[in-house]
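Undergrad: Residue numbers for the sequence shown follow my numbering, so the first one is 35 and each next one is one higher.
Backbone N, C-alpha and C define an ideal beta-carbon position, used for all residues, glycine too.
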Amino acid sequence: MTLPTIWRFTSLFTLLVFVTGEPSNRTFPNHFKFGVATSAYQIEGAWNEDGKGESNWDHFLHQHPEVVVDKTNGDVACDSYHKYKEDVKLLKDLGVDFYRFSIAWTRIVPLGRKDSGINPDGIAYYSNLIDELLANGIEPYVTIFHWDTPQTLEAVGGWLNSTIIDHYVSYARLLFELYGERVKHWLTFNEFSQFCEEGYSTGKKAPFKTLVGVGGYQCTHNALIAHAKTFDMYVKEFKYTQKGLIGLSVDTAWAEPKTDSILDKLAAEEEFMFDYAYYLHPIMAGDYPAALKRKINFKSFFQGYHPSRLPKFSRQEKKLLKGSFDFIGLNHYTTSLCSWSTTKFPSPSKLDDCGVKQSQDPSWKISASPWLAQVPYGMRKVLVWIKENLNNPPLLITENGWSTSDSNLDDEDRMEYYKKYLAEVLNAIHDHGCNVIGYTAWSLMDNMEWASGYTEKFGLVRVDFASPNRTRTPKDSFYMYQTIIKNKKLID
Ligand code: NOJ
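The structure is reproduced here in structure tokens:
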């Protein structure tokens with residue numbers, strides 16, 4: 035090789051390292067699977083068609099359109115209820131191994147309780163979607179609940195009322211009966227922290243309740259029990275014949291100490307316990323982390339709460355919870371800097387229970403979602419934490435992605451984000467031996483981003499919301515992800 039040639043190769047290599055953060059010759063393992071995700075309320079539309087019942091999101095956004103930034107809702111969204119075949123074509127073109135979508139409880143059981151009737155048209159919709167996916171060689175990964183609680187159940191307290199647990203388990207059983215022969219990956223819940231803490235404590239998501247310091251804990255408790263009972267039911271009644279796997283998606287930001295000081299390190303650990311271990315420890319070990327229980331119980335006592343604001347699991351529930359997973363789903367997007375708060379948080383509140391102040395580094399690149407900063411190392415650090423603290427369980431990244439305020443096709447920022455985060459997934463696998471079994475990009479297409487409406491776009495595919503056709507057009511990131519999937523490595 036002549037010198038200039040060597041130089042050319044060397045600089046190409048340096049460039050690749052610079053762009054991706056890692057040498058490009060690292061590959062994803064053979065068994066590693068790639069997918070994309072969506073959820074029912076965010077894409078389906080057809081909110082009251084063919085016998086579908088009303089969900090808490092339908093209900094609340096019709097009553098209070100002002101809670102959504104652009105006063106929109108999911109009545110039509112991406113119209114995937116009518117356009118699912120087109121969606122599957124896109125998925126096929128993208129080359130994904132699986133498609134993670136959620137089932138709207140109210141399409142299957144319109145009034146939430148199975149004994150009040152089931153809806154054949156809704157059942158047919160998901161059956162057709164599953165068939166279409168399988169016919170195209172794409173595995174369905176089904177989220178049983180992605181925040182759209184039947185309004186009939188919400189009206190009597192929703193996830194604050196423990197009677198919802200049995201209704202959820204009956205609904206899940208019905209899904210296993212209907213689709214379990216064809217669906218081999220199930221996720222019981224998506225992001226407890228978002229629908230529980232934000233739904234019942236801080237009032238940012240449906241049902242927009244503000245029972246600060248109480249509601250979120252109660253909701254999480256009931257949802258965790260519903261998860262454990264569903265897992266147990268699947269194992270006893272279906273696993274032997276259907277041979278599927280059950281997990282759940284828990285979200286977390288990485289908690290990085292703001293400085294090197296011991297205090298900030300402790301603050302970051304505390305934050306991670308409240309943000310992540312709080313949800314996962316019960317699934318792994320059968321109960322909330324001991325330190326978290328001590329802290330909330332202590333505070334509750336002096337605030338006059340007897341019993342504690344943090345509910346207790348019974349012995350039987352602990353037994354059901356412990357080990358109730360085949361794989362763990364991780365939704366990870368961003369990182370925050372942690373230090374002890376010097377100002378007082380409202381009390382009682384989960385923030386006050388934790389006591390940690392979170393911030394962003396001014397140098398971080400921020401997406402269209404103010405909470406979402408691009409900090410790729412956070413992905414590796416979360417994965418390594420899971421490996422070291424949770425005994426390296428099979429870990430599926432069930433969401434990761436970047437939002438923009440426009441829907442431009444040349445979405446370079448999104449491409450940069452994906453490349454850098456995927457490079458860290460490779461690092462976690464190759465340098466640390468993390469048991470990551472797959473990766474899911476959020477999202478297949480621009481969609482209804484909850485209280486942010488259509489102002490924050492996460493899609494690999496643009497959706498023209500001004501057109502009744504909801505025309506779909508792949509963005510540059512779609513083609514980049516297609517290439518990554520095809521080659522099982524990052525290619526520039
Ligand atoms: C979390 C949620 O699961 C999903 O519904 C949401 O759109 C994305 N993350 C982005 O915020």
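Given 8 Å as the limit, is there contact between the stretch 139-147 and the stretch 124-131, that is, 3 or more CB pairs closer than that?
TA: Below 8 Å, too few C-beta pairs join the stretch 139-147 and the stretch 124-131 to call them touching: fewer than three.
Undergrad: Where does I137 fall in DSSP's three states?
TA: coil
Undergrad: From C468 to W419, what distance separates their C-alpha atoms?
TA: 9 Å
Undergrad: So is the beta-carbon of F492 under 8 Å away from any non-hydrogen atom of the ligand NOJ?
TA: yes
Undergrad: Spatial neighbours of E166 within its chain, please: C-beta separation below 7 Å, excluding the five flanking residues on both sides.
TA: Y118, K119 and V122
Undergrad: Among the candidates L460, S441, I519 and M267, whose CA atom is the shortest distance from the CA of Y488?
TA: S441
Undergrad: Select from A262, S227, D266 and A260 the residue whose C-alpha is nearest the C-alpha of G247.
TA: S227
Undergrad: Taking the runs of the beta strand (DSSP E) that are 3 residues or longer, which of them lie wholly in the stretch 203-270?
TA: 219-224
Undergrad: Output yes or no for whether 9 Å exceeds the beta carbon distance between Y160 and R134.
TA: no
Undergrad: So, is A500 buried or exposed, given that buried needs 16 or more other C-beta atoms within 10 angstroms?
TA: exposed
Undergrad: Among residues of its own chain, excluding the 5 on either side of K263, which ones have a beta-carbon nearer than 7 Å to its beta-carbon?
TA: I199, V203 and L354
Undergrad: Sort F132, A80 and E173 by Cα distance to G156 and report the nearest one.
TA: A80
Undergrad: D285: beta carbon under 8 Å from a heavy atom of the ligand ATP?
TA: Ligands displayed in this structure: the ligand NOJ; the ligand ATP is not among them.
Undergrad: Could you give the distance in angstroms between the alpha-carbon of S511 and the alpha-carbon of K329?
TA: The straight-line gap from Cα to Cα measures roughly 45 Å.
Undergrad: According to DSSP, is G281 part of a helix, a strand, or is it coil?
TA: strand
Undergrad: With H, G and I counted as helix, E and B as strand and the rest as coil, what does DSSP make of F94?
TA: helix
Undergrad: Would you mind working out which of D465, I519 and T474 sits nearest V70, comparing C-alpha positions?
TA: Nearest option by C-alpha distance: T474.
Undergrad: Could you have a look at R328 and say whether DSSP puts it in helix, strand or coil?
TA: helix
Undergrad: Ends of the beta strand (DSSP E) at L429?
TA: L429 to E433
Undergrad: Any idea what DSSP makes of A71, helix, strand or coil?
TA: strand
Undergrad: In the DSSP output, which residue or residues are listed as bridge partners for G472?
TA: K67 and L430
Undergrad: To which residues of the same chain is D294 closer than 6 Å at the C-beta, ignoring the five residues directly before and after it?
TA: For D294, where only same-chain residues beyond five positions count, there are no Cβ hits under 6 Å.
Undergrad: I'd like to confirm the pairing. Which residues does DSSP put opposite I400 in its beta bridges?
TA: A407
Undergrad: Per DSSP, which residues does F361 bridge with? Please list them.
TA: Its beta-bridge partners do not exist; DSSP assigns none.
Undergrad: Assign S114 to one of two classes, buried (16 or more other C-beta atoms within 10 Å of its C-beta) or exposed (fewer than that).
TA: buried
Undergrad: To the nearest whole angstrom, what separates the beta carbons of V409 and T368, a pair I think is in contact under 8 Å?
TA: The beta-carbon distance between V409 and T368, rounded to whole angstroms, is 6 Å. This is short enough to meet the 8 Å contact definition.
Undergrad: Does DSSP classify Q337 as helix, strand or coil?
TA: Under the three-state reduction of DSSP, Q337 is assigned to helix.
Undergrad: For K454, does the three-state DSSP call read helix, strand or coil?
TA: Helix, per DSSP.
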